[in-house]
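S.K.: With the first letter of the sequence shown counted as 1, position 48 gets the number 48 in UniProt numbering; the numbers rise by one all the way through.
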Amino acid sequence: MLPGFLTRAVAVLLGREGRSLHLKAAGAATAVLAVVMLAGSWAVVGAEEGARGANLTSYPKALWWSIETATTVGYGDFFPVTPWGRVVGAVVMVVGITTYGMVTAALATWFVGREQQRRHHLAHGAHELGEEAVRALHERFDRLERLLDGK
């Protein structure tokens, strides 16, 4: 069930035509983060099993630990005590920090792009208004010249 859900989620995140590259990258990074957190939780439970002082002894605790590690919250309530557990923790940290950086960059790029589109639209509208004003002035000058030539 879960692999089918993940496959569909990745297809939805990456498969949209016209979606910008930075949004696809942020979506892919989020999918990778989800997999790393789920697999990291499983791996850290295996690494910590039977270790003295281990507090990551169940999958739910490890999943909570991987979420707080990936988001850099790090409450300190759960932590790995074995070297392999710490390696898993480092991977979860790096992937989490990278993913949230990419998502933040994607959002910033989206906001900047929207503002650029708005400004371009305003500039284009102002240019059209300027052309209309110039055309209207030319017509008025032409009428004035015709009036002056007629007298």
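All residues carry an ideal CB built from backbone N, CA and C; glycine is no exception.
How about Thr72 and Gly89: do their beta carbons lie closer than 8 Å?
M.R.: Result no, Cβ atoms of Thr72 and Gly89 do not sit closer than 8 Å.
S.K.: What is the DSSP secondary structure of Leu56, reduced to helix, strand or coil?
M.R.: Here Leu56 sits in coil by DSSP.
S.K.: Say whether the region 117-133 touches the region 32-51, bearing in mind that this needs 3 or more beta-carbon pairs closer than 8 Å, one atom from each stretch.
M.R.: No contact exists between the region 117-133 and the region 32-51.
S.K.: Beta-carbon of Leu33 versus every beta-carbon of chain B: anything under 8 Å?
M.R.: The structure shown has no chain B; it contains just one protein chain.
S.K.: How should Glu48 be labelled, buried or exposed, when 16 other C-beta atoms within 10 angstroms of its C-beta is the threshold for buried?
M.R.: It is buried - the Cβ of Glu48 has at least 16 other Cβ atoms within 10 Å.
S.K.: Can the beta-carbon of Val45 be found less than 8 Å from the beta-carbon of Ala62?
M.R.: Result yes, Cβ atoms of Val45 and Ala62 sit closer than 8 Å.
S.K.: When the Cα of Gly50 is compared with those of Leu147, Thr82 and Tyr59, which residue comes out closest?
M.R.: It is Thr82 whose Cα lies nearest to the Cα of Gly50.
S.K.: Within 10 angstroms of the Cβ of Val36, are there 16 or more other Cβ atoms? Answer buried if so, exposed if not.
M.R.: Buried: at least 16 other Cβ atoms inside 10 Å.
S.K.: If you draw a straight line from the C-alpha of Ala136 to the C-alpha of Leu23, how long is it?
M.R.: Between Ala136 and Leu23, the C-alpha separation is close to 45 Å.
S.K.: The alpha helix (DSSP H) that contains Glu131, what's its start and end?
M.R.: Per DSSP, Glu131 belongs to the alpha helix (DSSP H) from Pro83 to Gly150.
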